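Protein chains in written order, with this note's numbering: chain A, 2 to 451; chain B, 2 to 451.
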């Protein structure tokens with residue numbers, strides 16, 4: 002195996018800085034990986050056809066120091082189709098190991114670790130994580146109350162929840178009428194209120210419906226709200242509802258001690274997911290899902306046709322990931338995640354997240370220091386305020402100098418500056434803010450002229 | 002853009018031979034791609050943030066000549082998240098173009114082309130293609146008969162159909178009791194018989210159930226059966242059933258004129274899929290799905306939250322692929338398929354498939370030439386025959402000289418030698434056959450001793 006030494010962090014004005022896509026380091030390592038794979042193809046006939054290993058062979062052997070892109074190259078180069086353990090013991094065991102590592106980094110309770118009876122799997126997307134957990138509890142519930150009651154099942158979330166939940170609910174065959182996005186308010190920081198949840202559940206029960214699933218979010222897309230996991234799980238538990246915690250973009254940040262409290266209460270949930278492909282230095286697709294009760298997934302999703310019979314599966318000592326996900330075939334996604342974890346380690350990954358949080362705070366500081374932009378009162382009334390922001394965003398994006406997006410939160414049109422991209426630095430924030438200032442000032446002039 | 006000339010085909014004893022993974026060519030092109038991407042990262046700030054193009058900008062510009070691995074490297078290197086047109090016009094338009102190209106290569110009727118009102122999309126797996134088409138027709142049907150009838154919907158297929166259909170039916174919330182794998186027989190070459198289908202439908206209607214979906218297969222996994230598409234579509238049409246044609250591994254071969262007849266009758270189907278990642282020189286994941294009526298998909302799968310509002314979508318002139326698939330985010334999979342098509346062209350792709358078919362015929366010829374292996378009568382009775390084959394397979398795989406699998410077809414235990422791998426040549430078939438002969442002879446000796 003190639004031994005790639007990493008050399009892509011620098012000291013700069015603001016302290017230690019990880020440069021995960023330094024172009025010269027990328028070039029050096031990329032060429033080494035190409036040679037590694039070319040040698041592999043050249044000598045492919047010397048490798049055995051059949052896995053020669055026993056379950057649990059891998060934990061004692063893992064090490065390495067190369068990252069995401071190289072992981073994807075290996076994934077493509079090997080083209081492993083690891084639907085079950087026997088098809089690729091390495092792909093299966095590496096994934097289980099990496100998911101336990103990550104669970105430890107996030108301080109997830111041991112009930113989510115393989116070693117504690119739970120376990121993790123890498124899905125393609127949060128949609129898949131939603132769909133599979135919805136299917137798991139739907140089948141469990143219907144086996145008790147009868148399939149004819151499928152149209153009585155209810156799914157809860159807040160009105161800030163990502164719309165992919167609604168899509169997954171649709172695909173799972175649950176009635177769109179029984180999808181309950183509960184209203185949140187600015188005074189509650191757009192968090193889902195446990196008492197509102199309880200009220201919704203009681204009303205549904207009175208109407209003869211069956212509460213099934215609750216999605217709590219750590220870091221909503223539009224409003225960055227963090228739902229209070231502990232109290233929400235308490236309510237859900239009373240009514241036998243499956244709780245999924247979706248921390249799609251924010252989850253990765255919880256490896257930092259100062260942000261871990263956002264996950265407080267996750268011990269009461271049934272499943273938890275975050276997307277390493279968002280803020281964790283991996284590329285699409287890499288959604289990490291943990292469940293406390295893998296049998297809920299495998300009971301609903303397993304298929305064991307004759308053609309896949311094998312002694313490893315019969316031994317019940319191995320994980321067959323095809324029964325933890327939607328499809329049967331699966332890419333060896335654990336490779337890239339493993340390489341990211343090995344290459345950077347928890348300290349550098351924390352530095353990376355903390356660096357972005359500093360950039361976000363810097364942009365907040367810039368905004369607060371601008372008298373005009375900091376006070377909405379420069380715009381005559383609320384309606385004009387939204388109109389102003391809409392025009393401002395269009396003007397900024399049309400300039401080509403930056404690309405920003407918007408959200409409507411509590412009726413207010415908000416412009417977003419996302420600072421989670423790998424290449425982002427202070428100078429980019431400064432440049433983006435200058436752009437906002439210039440376009441806002443130009444627009445304000447036209448406003449006051451009218 | 003890099004200009005990579007291809008140089009990986011050779012003349013050999015059996016004529017022209019494409020070597021899609023020649024290690025030295027891989028090395029040369031891989032290094033060029035690394036430099037291309039390193040230069041891209043080095044100069045990333047000179048590129049505009051925002052797409053500057055109008056819908057349909059791409060058809061006039063496509064060209065290139067590099068293949069799958071390089072496509073995956075580009076896909077990872079750019080990490081495009083093209084859920085809708087505006088997020089990545091290039092990813093969207095290239096996918097539409099490539100799917101129309103492929104539709105033409107397969108001579109699919111124009112009703113499956115974008116230009117004919119249909120269209121194609123790249124999914125991760127056949128499971129996803131099943132699930133999305135099932136969801137499409139399920140929602141359409143329930144909007145007519147009412148959601149409370151979900152447990153009455155019936156899905157038909159043959160007992161040879163790939164088990165991923167059963168899994169998709171489970172996930173879609175359709176009752177497992179209403180999954181109808183219709184029995185096939187050896188005398189029918191394991192094809193699904195149209196009259197058996199009709200009988201099953203009539204029985205279900207009499208029981209008050211609702212026929213919904215039929216899956217026909219071109220090339221079943223265990224028995225390589227090809228269902229008679231025309232007559233099956235005729236029966237389905239009478240009862241308003243959605244017909245999906247699954248040609249997972251065999252579909253690619255239908256670009257050859259001599260195999261195209263396997264798709265005869267596909268014009269009566271509603272959707273068609275094949276996996277380019279099986280026998281079409283791309284790696285996981287690349288399932289190509291075409292539908293005649295994209296609105297059936299988009300009506301069931303679309304989500305249009307405020308945050309994704311954009312003028313392109315509002316114009317209704319663009320494809321938003323998030324509404325054609327399970328998840329929202331999607332990898333730029335079209336790149337690798339586009340590079341494969343451009344690099345090899347239809348002639349070389351046909352040569353590639355035809356080369357494998359010749360290898361399969363060669364192994365058939367070797368088998369027929371062996372008096373013992375060619376006549377099952379050397380084994381006392383049917384039961385022993387299955388037992389013999391089971392022991393033979395175990396002995397072959399344990400030797401490490403080859404990796405074969407098995408299927409039970411019509412009660413008979415069959416050993417498979419799959420010859421679709423990229424590196425397969427005549428010498429591998431000869432070696433594998435010698436291995437089978439040696440192990441069979443050794444095993445026969447122990448049999449006759451008892």
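Using N, Cα and C, we set each Cβ at its ideal position, and we do this for glycine too. Predicted, not measured: the structure shown is a model, and the values here were computed from it.
*In angstroms, rounded to a whole number, what distance separates the CA positions of residue 150 of chain A and residue 196 of chain B?*
34 angstroms
*Any C-beta of chain A sitting closer than 9 angstroms to the C-beta of residue 427 of chain B?*
no
*asked:* For a test of the three-state rule: what should DSSP assign to residue 439 of chain A, helix, strand or coil?
replied: helix
*So the beta strand (DSSP E) residue 358 of chain A belongs to, where does it begin and stop?*
It is not in any beta strand (DSSP E) - residue 358 of chain A instead sits in the alpha helix (DSSP H) that spans 335-369.
*Give a yes or no on whether the minimum CB-CB distance between residue 168 of chain A and chain B is below 9 angstroms.*
yes
*If we count Cβ pairs, one from each stretch, closer than 8 angstroms, do we get three or more for the stretch 152-170 of chain A versus the stretch 127-135 of chain A?*
yes
*In whole angstroms, what is the alpha-carbon distance linking residue 185 of chain A and residue 414 of chain A?*
16 angstroms
*Report all residues from its chain with a CB closer than 6 angstroms to the CB of residue 390 of chain A; omit the five preceding and five following residues, and keep chain order.*
414 and 416
*How should residue 447 of chain A be labelled, buried or exposed, when 16 other C-beta atoms within 10 angstroms of its C-beta is the threshold for buried?*
exposed
*When the Cβ atoms of the stretch 27-47 of chain B are set against those of the stretch 28-42 of chain A, are three or more pairs found closer than 8 angstroms?*
yes
*Note down, one range per segment and in chain order, each alpha helix (DSSP H) of at least 4 residues found wholly within the stretch 230-283 of chain B.*
230-239 and 277-280
*What separation, rounded to the nearest whole angstrom, lies between the Cα atoms of residue 515 of chain A and residue 111 of chain B?*
Here chain A comprises residues numbered 2 to 451, so residue 515 of chain A is not present and cannot be evaluated.
*Span separating the alpha-carbon of residue 349 of chain B from that of residue 125 of chain B*: 25 angstroms
_Please report whether the beta-carbon of residue 448 of chain A lies at a distance below 9 angstroms from any beta-carbon of chain B._
no
*Measure from the C-beta of residue 40 of chain A to each C-beta in chain B and report whether the shortest distance is under 9 angstroms.*
yes
_Our contact map puts residue 290 of chain A next to residue 332 of chain B with C-beta atoms below 8 angstroms; I'd like the distance itself, whole angstroms only._
With a Cβ gap of about 18 angstroms, residue 290 of chain A and residue 332 of chain B do not count as contacting.
*Which residue comes first and which comes last in the beta strand (DSSP E) that contains residue 212 of chain A?*
211-218
_Cutting at 6 angstroms between CB atoms, please list the residues of its own chain near residue 117 of chain B, excluding the five before and the five after it._
111
*Applying the criterion that 16 or more other CB atoms from any shown protein chain within 10 Å of the CB defines a buried residue, is residue 261 of chain A buried or exposed?*
exposed
*Hey, out of A/248, A/372, A/295 and A/272, whose CA is closest to residue 278 of chain A's CA?*
A/248
*Which residue comes first and which comes last in the alpha helix (DSSP H) that contains residue 169 of chain A?*
165-172
*For residue 245 of chain A, collect the residues of the same chain with a Cβ closer than 6 angstroms to its Cβ; drop the 5 residues on either side in sequence, then sort them by chain order.*
134, 216 and 272
_Could you pull the DSSP bridge partners for residue 289 of chain A from this structure?_
A/123 and A/275
*Quick one, which of A/344, A/440, A/159 and A/130 has its alpha-carbon nearest residue 221 of chain A's?*
A/159
*Under the assumption that residue 320 of chain B contacts residue 120 of chain B (Cβ atoms under 8 angstroms), give the Cβ distance between them as a whole number of angstroms.*
7 angstroms
*Counterpart residues of residue 408 of chain A in DSSP-defined beta bridges*: A/415
_When B/178, B/203, B/43 and B/27 are compared against residue 43 of chain A, the one with the closest alpha-carbon_ = B/27
*residue 145 of chain B burial status per 10 Å Cβ neighbour count (16 or more: buried)*: exposed
*Can you name the residues that DSSP bridges to residue 154 of chain B?*
B/211
_At the level of alpha carbons, what is the spacing between residue 114 of chain A and residue 131 of chain A?_
19 angstroms
*If you run the structure through DSSP and keep just helix, strand and coil, what is residue 175 of chain B?*
coil
*CB-CB under 7 angstroms to residue 335 of chain B, same chain, minus the five flanking residues each way: which ones, in chain order?*
92, 95, 96, 99 and 123
_Between the CA atoms of residue 374 of chain B and residue 1 of chain B - distance to the nearest angstrom_ = With chain B covering 2 to 451 only, the question about residue 1 of chain B has no answer from this structure.
*How far does the alpha helix (DSSP H) with residue 35 of chain B in it reach, from first residue to last?*
24-43
*In terms of DSSP beta bridges, what is residue 428 of chain B paired with?*
None, per the DSSP bridge assignment.
*Determine the DSSP secondary structure at residue 316 of chain A, reduced to helix, strand or coil.*
helix
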